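Asks: One structure, as structure tokens, below. Some questions next.
4 protein chains.
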Amino acid sequence: MLQKYLEEAVVCGKKVVHTGAAATYIPELAKADVTKAGICVMKNSGEVLSAGDTDIRFTVQSISKIMNLGIAMQALGYEKTFEKVNMEPSGDPFNSMIKLDIDSKIPFNPMINAGAIVIVDLLAAKFEFEQILSWMRILCLDESLELDESVYRSESLTGARNRSIAYLLRSKDVISENVERTLDLYFKLCSVKVTARSLAGFGLVLACDGVDPRNNVRLLDRRAVKVIKTLMFTCGLYDESGRFAVKVGLPSKSGVGGGILTFSGGCGIGVYGPALDSKGNSVAGMKMLEYLSEKLGLHVFEGPGAGKI
Amino acid sequence: MLQKYLEEAVVCGKKVVHTGAAATYIPELAKADVTKAGICVMKNSGEVLSAGDTDIRFTVQSISKIMNLGIAMQALGYEKTFEKVNMEPSGDPFNSMIKLDIDSKIPFNPMINAGAIVIVDLLAAKFEFEQILSWMRILCLDESLELDESVYRSESLTGARNRSIAYLLRSKDVISENVERTLDLYFKLCSVKVTARSLAGFGLVLACDGVDPRNNVRLLDRRAVKVIKTLMFTCGLYDESGRFAVKVGLPSKSGVGGGILTFSGGCGIGVYGPALDSKGNSVAGMKMLEYLSEKLGLHVFEGPGAGKI
Amino acid sequence: MLQKYLEEAVVCGKKVVHTGAAATYIPELAKADVTKAGICVMKNSGEVLSAGDTDIRFTVQSISKIMNLGIAMQALGYEKTFEKVNMEPSGDPFNSMIKLDIDSKIPFNPMINAGAIVIVDLLAAKFEFEQILSWMRILCLDESLELDESVYRSESLTGARNRSIAYLLRSKDVISENVERTLDLYFKLCSVKVTARSLAGFGLVLACDGVDPRNNVRLLDRRAVKVIKTLMFTCGLYDESGRFAVKVGLPSKSGVGGGILTFSGGCGIGVYGPALDSKGNSVAGMKMLEYLSEKLGLHVFEGPGAGKI
Amino acid sequence: MLQKYLEEAVVCGKKVVHTGAAATYIPELAKADVTKAGICVMKNSGEVLSAGDTDIRFTVQSISKIMNLGIAMQALGYEKTFEKVNMEPSGDPFNSMIKLDIDSKIPFNPMINAGAIVIVDLLAAKFEFEQILSWMRILCLDESLELDESVYRSESLTGARNRSIAYLLRSKDVISENVERTLDLYFKLCSVKVTARSLAGFGLVLACDGVDPRNNVRLLDRRAVKVIKTLMFTCGLYDESGRFAVKVGLPSKSGVGGGILTFSGGCGIGVYGPALDSKGNSVAGMKMLEYLSEKLGLHVFEGPGAGKI
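Protein chains in written order, with our numbering: chain A, 797 to 1105; chain B, 797 to 1105; chain C, 797 to 1105; chain D, 797 to 1105.
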């Protein structure tokens, strides 16, 4: 039954790919086949269902932001992690510098580039890329995660705007003096290759409240999971987060590589579709999740409250 | 047991009232006794529990925004309601005009003043204040709602900033030509007197998915309820919404009169505390909800998913 | 010789009228014949030279800002006049509210609408429109100045943006409580009908350092004249002031009615051309002044210094 | 007589040094003796008058912006120079990024850091630092100009904000790919050591319409001189330019090293005073110029027009 819905979702997703375009701001991303769309669901039972193009590897991009945030909270604690970044939606595009320049304060949240750079700066002081990559493999239940060298080089060469953001943060003493080291790590973490299944893996860990359901090992603290889920809901799709929250109602995180990671009930969900809308979100990905949310009533605020009190 | 938690919550709330101050931008609001704090819970069984100062009448202020939004969706439909207002969190203070002036577009969401004025403009074309007041009484399960004439006059006399926002909207053709009529209705709707119990009443209707649990009459469509709940979660506490969502995790709407309306499980919850923080939210109100959320595990993203899929 | 240059200037001006368009934000202004262009020069000897369409009456619009400023300094003194308005170029369009909202301070200068409204608010506390109109007639050496009733009504009806600015100023306590009275006076002052010759008249008074050359009566203090001239140079053509200062180098003030007022040596100059560019400046007017400035070497910073020290 | 005025000006200047403070954003600048104040006037006859502390060497900082602009116009032509930078006052602090980020266009003018970096980027493609330094020596009539190595290193190490601005420009394709080369040249050009006399030297060249009065060699084209003078008047003192233009009325350029360069009649003027106000302008420097302008009637718009027409 679920399999059928997934197939239908992919059909819906493919119908809208023509309304989007591959990311162009990194030359390497522009090469993606924008007709692709796929979805993968991983249940806490271990069962995995897929439909569409789920064997394609793409770079995780901004979805790494929630992984980095989880790792930071786990390694450095909640207080330290949120010392130099807030948790408010900003209403601005992902790469905006306006608020930061006007308010002269810390970034609005760890889901916009400025905030994510703050988190990566914390990680860079403690860890090498390889160590964080190992952690990402664990969180995604996927040993196959690797760096995409050419995307990494492409990001690094063309990342003028992120460089500008990082130096602005440095000028306000929000990040450390090792700006280039932090940027290098940031570019690498964005360039890790995943599949829809890898995303479903981390989605499943979130669905299981931070526990790896295969062995009941806790990977992330309860609080960290709660923070990540909330930020995904309020800020996960750039300046389209609010509309997506109303329409689809699933805490999600997107990346300009074309992926979206979400979860519902006891399942992790990963979708892929490299055709992006003007906000940087996968058009097929959003459509597939909208279809599933409506068909299965997955909206977080669907229906009467369950009666916890 | 719940009664005990409510009493404890009030104790917690009273401890922080000194960190806030009464709203001063409307002279009438400055008269409130800032030591007050109270909470009221209304269950779908009809049972009502209260603790602290719950007999005080205060003006609904921005909490009227969710009622107006509900009435607009019900009376005019979803499409018409969102024709001239978006649903994105803005990251700006409630009365900001920056984004509106820079982007030259429609307001970010119906929870900021600019967006709320758009909604009230739609209502003003169809309804008199008395009609909407009747509707508010029904939604709040409280026949006693009345206009506070002196607050209304105070708002009307000192509402230069809202007037500025309204004329900016008019200059962009976002609202109708009847700017003063719309403002008058807006000021009146903000000046309706409620109690913590009235707020709990509308909270209960939301908890019951739009249905009056006393007679099973549907007051709001399912979709309208979903929209309201989501916007409460992402934008309900001005530019403190994100932090509150992470910390407390209850879809809530605050007003500068000192009230906060929320719900959880099968209960509606209304809190009152006129001492406000710098963002305009009740300090005691937020503290009481934080206490309850932690004690009872009410955070929307608390714990593993229930397994809808 | 000068007459010949004026004729040539008009030919140049007429050649570019097709690149502009009549102001559309006030319906009445949209009716102007955009093919018109004319120039009038008034010498301190009393001689008047004209070329092109100089018999057309048009509304003074923003050019009234320098007259109002002069009258305010004369009637209230320099200190009082600049208590609530600064003298910095803003780099923003004439009707921008961004800086005002972000900085929460007084308007940047009296040449943008916000600053002009501050000045008119000061005048409104002391004078009726008719009194200021008398003053304008004296300053322009033109008894024929009259209110254009239909433009005034049109401004008043469609002035939502100016109304928004005025209420924003009121909300910051920058202007008095009599917002509507101030706006009414502002709209009236913008709607005074002038000719290119009237503008040349006030230009001549400025050229003569504030003195009416016909009778040597001082109309404006030396300091007031210096202030006005400087602000015309730095802020007189909205967000095109800097480019015009570099290119033409004449302290000038434009209005969306199509007029530009300037002066050079011992002459006042008024130009008219209702086709405006996107900034709101007369395209023919700017072209004619550019032609004259180049032909006659009128740029303020043309050539070596005369050797005052 | 002039000597007496200069002495009095220095007395006035010294009286206000306590209202300012040395620049702190570059550690090296913080070491300046803020009690110093001096003025130097160079006449086209060759005569040089000085008063106060005029033997102190300080870094030219932003005053290099007008030299670079002159060199660029001379070497590359007017059109090429202004291809990627506008000539509008911005009303923003010298290091603001807001307008650049919002408008997504080229910098407002070559007097703010963003615009100056655009000009230096053009120069960097053609010239080494030593070549530009030679040019600066010629323009300042001062062979002694040298790089201050320690200020240069200090700027380079702590220039995060300028780096951020440069990469933002790069991300918009406004400057070349050699961002670090451009920044290095920019930092070096800001770190050239001058005296009040060096500034008076370039001031004299501007007063002489671009000609070296000692040998009548033309150093800058007439048009280039006109452009520089106008931009000095409208944008030369950061976001205090408008007020200074009204009050003092001399086209001037300031630097955070404490210098201000201006000219009047046939004289070049250089002033020095490292105590800065909050805008980054020398408090003693401005005071001395204000004194002279008032005493000698130097305001550009002082008195009646001379009668060019």
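Using N, Cα and C, we set each Cβ at its ideal position, and we do this for glycine too. From a predicted model like this one, the values you see are computed outputs, not experimental measurements.
Can you confirm whether Asn909 of chain B, when its beta carbon is compared against all beta carbons of chain A, has any partner nearer than 8 Å?
Replies: As a first step, residue 909 of chain B is located in the second sequence; it is residue number 113 there, counting from the start. It does not; no Cβ of chain A falls within 8 Å.
Asks: Classify Phe904 of chain A as helix, strand or coil using the three-state DSSP reduction.
Replies: Residue mapping note: residue 904 of chain A aligns to position 108 of the first sequence, counting from 1. Three-state DSSP puts Phe904 of chain A in coil, outside helix and strand.
Asks: Can you grab the Cα-Cα spacing for the pair Ala920 of chain C / Gly873 of chain C, in whole Å?
Replies: For this step, residue 920 of chain C is matched to residue 124 along the third sequence. For this step, residue 873 of chain C is matched to residue 77 along the third sequence. Near 15 Å, if we compare the C-alpha coordinates of Gly873 of chain C and Ala920 of chain C.
Asks: Name, in chain order, the residues that DSSP records as bridge partners for Met838 of chain C.
Replies: If you number the third sequence from 1, residue 838 of chain C lands on position 42. DSSP, once it has assigned bridges, lists C:Val844 and C:Gly1064 as partnering Met838 of chain C.
Asks: What residues from chain C crowd round Arg957 of chain B, counting only those whose CB sits closer than 8 Å?
Replies: Position 161 of the second sequence, counted from the first residue, corresponds to residue 957 of chain B. Chain C residues near Arg957 of chain B: Tyr963, Leu964 and Ser967.
Asks: What does Asn905 of chain A touch in chain B if you count any residue whose Cβ is under 7 Å from its own?
Replies: On the first sequence, residue 905 of chain A is found 109 positions in, with the first residue counted as 1. Neighbours of Asn905 of chain A on chain B, chain order: Gly1038.
Asks: Check Phe998 of chain B in the structure and name its three-state DSSP category.
Replies: Here the question's residue 998 of chain B lines up with position 202 in the second sequence. Three-state DSSP puts Phe998 of chain B in a helix.
Asks: Tell me the residue span of the alpha helix (DSSP H) that contains Val914 of chain A.
Replies: By 1-based counting over the first sequence, the position of residue 914 of chain A is 118. That run of the alpha helix (DSSP H) goes Asn909 to Ala920.
Asks: State the start and end residues of the unbroken beta strand (DSSP E) segment that holds Val881 of chain D.
Replies: Counted from its first residue, the fourth sequence places residue 881 of chain D at position 85. Run containing Val881 of chain D: none; DSSP gives neither H nor E here.
Asks: Name the chain B residues that come within less than 7 Å of Ser960 of chain C, Cβ to Cβ?
Replies: Residue mapping note: residue 960 of chain C aligns to position 164 of the third sequence, counting from 1. In chain order: Ser960, Tyr963, Leu964 and Ser967.
Asks: Would you check if there are 3 or more beta carbon pairs closer than 8 Å linking the region 1053 to 1061 of chain A to the region 988 to 1005 of chain A?
Replies: Contact between the region 1053 to 1061 of chain A and the region 988 to 1005 of chain A is present, because at least three Cβ pairs lie under 8 Å.
Asks: Give a yes or no on whether 8 Å exceeds the smallest Cβ distance from Ser1060 of chain B to chain A.
Replies: Taking the first residue of the second sequence as position 1, residue 1060 of chain B is located at position 264. Judged by the 8 Å Cβ criterion, Ser1060 of chain B is in contact with chain A.
Asks: Please return the same chain residues whose Cβ sits closer than 6 Å to the Cβ of Lys880 of chain A, not counting the five positions on each side in sequence.
Replies: If you number the first sequence from 1, residue 880 of chain A lands on position 84. The answer, listed in chain order, is Ile902, Val914 and Val970.
Asks: Contact between the region 822 to 839 of chain B and the region 1028 to 1047 of chain B is defined here as three or more beta-carbon pairs at a separation below 8 Å; is this criterion met?
Replies: At 8 Å Cβ cutoff, the stretches do not touch.
Asks: In angstroms with no decimal places, state the Cα-to-Cα distance between Gly1006 of chain D and Gly1061 of chain D.
Replies: For the purposes of this step, residue 1006 of chain D is identified with residue 210 of the fourth sequence, where counting begins at 1. For the purposes of this step, residue 1061 of chain D is identified with residue 265 of the fourth sequence, where counting begins at 1. Gly1006 of chain D and Gly1061 of chain D: Cα-Cα distance of roughly 14 Å.
Asks: For a minimum of 4 consecutive residues, which ranges assigned as the alpha helix (DSSP H) are wholly contained in the region 997 to 1036 of chain C?
Replies: Segments of the alpha helix (DSSP H) lying fully in the region 997 to 1036 of chain C: 1018 to 1031.
Asks: Tell me the rounded alpha-carbon separation between Asp851 of chain A and Asp980 of chain A.
Replies: Sequence index remark: in the first sequence, residue 851 of chain A carries index 55 (1-based). Sequence index remark: in the first sequence, residue 980 of chain A carries index 184 (1-based). In a straight line, the C-alpha of Asp851 of chain A is about 28 Å away from that of Asp980 of chain A.
Asks: To the nearest whole angstrom, what separates the beta carbons of Val916 of chain A and Tyr982 of chain A, a pair I think is in contact under 8 Å?
Replies: The sequence position of residue 916 of chain A within the first sequence is 120, counting from 1. The sequence position of residue 982 of chain A within the first sequence is 186, counting from 1. That belief holds up - the Cβ atoms of Val916 of chain A and Tyr982 of chain A are roughly 4 Å apart, short of 8 Å.
Asks: Take Glu939 of chain C and list the residues in its own chain whose beta-carbon comes closer than 7 Å to its own, dropping the five residues that flank it on each side.
Replies: In the third sequence, counting from the first residue as 1, residue 939 of chain C sits at position 143. Arg933.
Asks: Per DSSP, what kind of secondary structure is Ile961 of chain D in: helix, strand or coil?
Replies: For this step, residue 961 of chain D is matched to residue 165 along the fourth sequence. The answer is helix: DSSP assigns Ile961 of chain D an H, G or I state.
Asks: Go to Ser990 of chain D, then tell me how far its beta strand (DSSP E) extends in each direction, as first and last residue.
Replies: Taking the fourth sequence and counting its residues from 1, one reaches residue 990 of chain D at position 194. The sequence shown places Val at residue 990 of chain D, rather than the Ser named in the question. It spans Val988 to Val990 - the beta strand (DSSP E) in which Val990 of chain D sits, taken as one unbroken run.
Asks: According to DSSP, Gly1055 of chain C sits in a beta bridge with which residue or residues?
Replies: Position 259 of the third sequence holds residue 1055 of chain C. Its beta-bridge partners are C:Tyr1068.
Asks: Please tell me whether Phe1097 of chain B has its Cβ less than 8 Å away from any Cβ of chain A.
Replies: For the purposes of this step, residue 1097 of chain B is taken as residue 301 along the second sequence, with counting starting at 1. Chain A contact via Cβ: present.
Asks: Report yes or no: is there a C-beta of chain A within less than 8 Å of the C-beta of Leu1072 of chain B?
Replies: Within the second sequence, residue 1072 of chain B is the residue found at index 276, counting from 1. Chain A contact via Cβ: absent.
Asks: Grab me the residues of Val975 of chain C's own chain with a C-beta within less than 7 Å of its C-beta, minus the 5 sequence neighbours each way, in chain order.
Replies: As a working mapping, residue 975 of chain C is identified with position 179 in the third sequence. Taken in chain order, the residues that qualify are Ala962, Tyr963 and Arg966.
Asks: Give, in chain order, every residue of the region 980 to 1008 of chain A whose Cβ lies closer than 7 Å to some Cβ of chain B.
Replies: Answer in chain order: Ala1003, Cys1004 and Asp1005.
Asks: Give the DSSP bridge partners of Thr855 of chain D, in chain order.
Replies: Taking the first residue of the fourth sequence as 1, we reach residue 855 of chain D at position 59. DSSP, once it has assigned bridges, lists D:Lys989 as partnering Thr855 of chain D.
Asks: In the DSSP assignment, find the alpha helix (DSSP H) that holds Ser946 of chain B and state where it starts and stops.
Replies: Locating residue 946 of chain B in the second sequence gives position 150, where the first residue counts as 1. Unbroken alpha helix (DSSP H) run through Ser946 of chain B: Glu945 to Thr954.
Asks: Look at the alpha carbon of Ala818 of chain B and the alpha carbon of Gly1038 of chain D, and state the distance between them as a whole number of angstroms.
Replies: The residue given as residue 818 of chain B occupies position 22 in the second sequence. The residue given as residue 1038 of chain D occupies position 242 in the fourth sequence. Going from the Cα of Ala818 of chain B to the Cα of Gly1038 of chain D covers about 40 Å.
Asks: Between Lys1049 of chain C and Gly1032 of chain C, is the Cβ-Cβ spacing less than 8 Å?
Replies: The residue labelled residue 1049 of chain C in the question sits at position 253 within the third sequence. The residue labelled residue 1032 of chain C in the question sits at position 236 within the third sequence. Closer than 8 Å, so yes.
Asks: Use the C-beta contact count for Gln927 of chain A: other C-beta atoms within 10 angstroms, 16 or more gives buried, fewer gives exposed.
Replies: As a first step, residue 927 of chain A must be located in the first sequence, where it is residue number 131. Exposed: under 16 other Cβ atoms inside 10 Å.
Asks: Grouping DSSP H, G and I as helix and E and B as strand, with all else coil, what is Ser1078 of chain B?
Replies: Here residue 1078 of chain B is taken as the residue at index 282 of the second sequence, counted from 1. Ser1078 of chain B falls in the strand class under three-state DSSP.
Asks: For Glu942 of chain D, write down the residues that DSSP places opposite it in a beta bridge.
Replies: Here residue 942 of chain D corresponds to residue number 146 of the fourth sequence, with the count starting at 1. DSSP output for Glu942 of chain D lists D:Lys989 as bridge partner(s).
Asks: Can you find the residues in the same chain that come closer than 7 Å, C-beta to C-beta, to Asn905 of chain C, ignoring five residues on each side of it along the sequence?
Replies: Taking the third sequence and counting its residues from 1, the one referred to as residue 905 of chain C is at position 109. These residues qualify, in order along the chain: Val881, Asn882, Met883, Glu884, Pro885, Ser886, Gly911, Leu1027 and Cys1031.
Asks: Quick check on His814 of chain C: buried or exposed, where buried means 16 or more other Cβ atoms within 10 Å of its Cβ?
Replies: The sequence position of residue 814 of chain C within the third sequence is 18, counting from 1. Exposed is the call here.
Asks: Quick one: what does DSSP say Lys968 of chain A is sitting in, helix, strand or coil?
Replies: If you number the first sequence from 1, residue 968 of chain A lands on position 172. Reduced to three states, the DSSP call for Lys968 of chain A is coil.
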